[in-house]
Every structure is written in C-alpha cells, then in structure tokens.
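Visitor: In case it helps, my numbering puts the sequence shown at residues 2 to 198.
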Amino acid sequence: MLNLCYHIFTVFIQLTYLIFYESSYEHTVRLLFYVPSRRFSSSTLLVLGINVQCFHHCLFILDGRFNHLHTLHIHLANLRPPEAIVNSQAEIPNLKCFVLSCVLPTYDYDPLIPSLVHRMSNLEKLGLHLTIHANATFIDGNSLKKDILNHMPKLNVFSFDIHSIAFINNLIYLPSKEDIQQAFRHFPCNYLNNNSH
Numbered sequence: 002m003l004n005l006c007y008h009i010f011t012v013f014i015q016l017t018y019l020i021f022y023e024s025s026y027e028h029t030v031r032l033l034f035y036v037p038s039r040r041f042s043s044s045t046l047l048v049l050g051i052n053v054q055c056f057h058h059c060l061f062i063l064d065g066r067f068n069h070l071h072t073l074h075i076h077l078a079n080l081r082p083p084e085a086i087v088n089s090q091a092e093i094p095n096l097k098c099f100v101l102s103c104v105l106p107t108y109d110y111d112p113l114i115p116s117l118v119h120r121m122s123n124l125e126k127l128g129l130h131l132t133i134h135a136n137a138t139f140i141d142g143n144s145l146k147k148d149i150l151n152h153m154p155k156l157n158v159f160s161f162d163i164h165s166i167a168f169i170n171n172l173i174y175l176p177s178k179e180d181i182q183q184a185f186r187h188f189p190c191n192y193l194n195n196n197s198h
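(1) Go through its chain and collect everything with a Cβ distance to tyrosine 110's Cβ below 6 Å, but skip five positions before and after it.
(2) Give every residue of the same chain whose Cβ lies closer than 7 Å to the Cβ of alanine 78, excluding the five residues on either side of it in the sequence, and list them in chain order.
(3) So what's isoleucine 62 in DSSP terms, helix, strand or just coil?
(4) Under the three-state reduction of DSSP, which class applies to threonine 17: helix, strand or coil?
(5) By DSSP, does aspartate 111 sit in helix, in strand, or in coil?
(6) Could you tell me the alpha carbon to alpha carbon distance between alanine 184 and histidine 8, rounded to whole angstroms?
(7) To the nearest angstrom, how far is the alpha carbon of glutamine 90 from that of leucine 46?
(8) Whole angstroms are fine: how far does the CA of phenylalanine 159 sit from the CA of glycine 142?
(9) DSSP on lysine 126, reduced to helix/strand/coil?
(10) Distance check for isoleucine 114 and histidine 198, CA to CA, integer angstroms please.
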C-alpha cells in the first residue's frame, strides 16, 4: 500500500487532489507504515482523503510533508497515542478543512484531539466523528466550546457526531440534545450540525 502511494507521488508530480479510500468498511484499504519515507510527500497536493490505521499516521501526514494541503479527510481505525516520535507541535496554517473519523472507540480523546486542532489556527471547517470512552465527564457542548471552538477563530462550519460511552456507578446528570444545542447558542458559526449521543 505504501509503495503504491510512493508511486502515485512519483508519477503524478503535479497531483493536487487525491481521495484514496473505499466507501465500504469491510473492503477498506488502510495506509500502513511505521516511519514513512520523505518520498511520501507532495508540494502540490491540496486535498487528501485517506484511510489510515492509527493516529500517528495522521500526525505523519500533518508533519509538513504535504505543506500546501488545505483539505484533509482522514479515517482512522484506532485513536491511541503515537508509539513513534512524531513532529506534532508545529502549526498547520494552510489547513482550512479537517474531518476526522475513527472506527473504534477511544480513551484518548483529551490528550490527542484538542491539541491537534489547536495547531490548525486557520481552520474554517471541522468535522469530528468519534466514539469516546468518557472517564469523568461526557464530551458536551461546553467542553467542545472550551477545548476546541474557543481556539478556532476562523471556524465557520462545525459538524460532529460524538458518542460518549461511560460505565456509571453513581447517578449523574446526562445532558439532553437540547442542552448540547444550548451550549452553542452564542457560537458565531454559519453551520452547526451534531448527532451526539
């Protein structure tokens, strides 16, 4: 699979748009690599849609090897902290649209997702489609606003489908869909879509 990507970027040196995934989950093709070669790069690619195995692959894609990328749709199989050292602190100023989805539930939303999107200061469109194991609190409108939206001054469109899973021993308050929508009443977004559960 990675060799195919190398060949794509070698043969199509002016490639600007690449959507590289299957529409059916059972036939999905995922990009797998440990530390990709610098040949896995493009200075002309603007739009990329791709399936990858894990979060550190996403970080590799965003480490500067696609420095003109303005739209990234990335579908992960799992969302865990990276095992390999990845340059994951640099700003990503050219990215205008970022959509992240993940097949498997994750315990690692808090340490990974907010810090990643904080690097995307010029983001205009954000999509998060995740299932999260909630430790102490659910991901609600207030936490999304505090942890993500307040750091996205240019964001116009925010679409999310976040499912929180929690094992509850004590009675707690669960926010309704209306409570979540109320948390966004002052959000200056042109379009807000949620399907949170």
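C-beta atoms are modelled at their ideal positions from N, C-alpha and C, and glycine is treated no differently.
All values reported here derive from a predicted model rather than from experimental measurement.
Guide: According to the structure shown:
(1) Along the sequence shown, one-based indexing puts residue 110 at 109. Cβ neighbours of tyrosine 110 beyond the five flanking positions: Ile133.
(2) Walking along the sequence shown from the start, residue 78 turns up at place 77. Cβ neighbours of alanine 78 beyond the five flanking positions: Arg31, Gln54, Cys55, Val104, Leu105.
(3) Numbered from 1 along the sequence shown, position 61 holds the residue referred to as residue 62. Isoleucine 62: helix per DSSP, three-state reduction.
(4) For this step, residue 17 is matched to residue 16 along the sequence shown. Three-state result, threonine 17: coil.
(5) For the purposes of this step, residue 111 is taken as the residue at position 110 of the sequence shown. Three-state DSSP puts aspartate 111 in a helix.
(6) Here residue 184 is taken as the residue at index 183 of the sequence shown, counted from 1. Here residue 8 is taken as the residue at index 7 of the sequence shown, counted from 1. Roughly 47 Å between the two C-alpha positions.
(7) Within the sequence shown, numbered from 1, the residue matching residue 90 stands at position 89. Within the sequence shown, numbered from 1, the residue matching residue 46 stands at position 45. Roughly 21 Å between the two C-alpha positions.
(8) Along the sequence shown, read from residue 1 onward, the residue named residue 142 stands at position 141. Along the sequence shown, read from residue 1 onward, the residue named residue 159 stands at position 158. Rounded to the nearest angstrom, the two C-alpha atoms are 12 Å apart.
(9) Taking the sequence shown and counting its residues from 1, the one referred to as residue 126 is at position 125. Three-state DSSP puts lysine 126 in a strand.
(10) By one-based count along the sequence shown, residue 198 stands at place 197. By one-based count along the sequence shown, residue 114 stands at place 113. At histidine 198 the pLDDT is 49, less than 50, meaning the model places this residue with poor confidence; the figure from the coordinates comes in the next sentence. When rounded, the distance between both Cα atoms is 18 Å.
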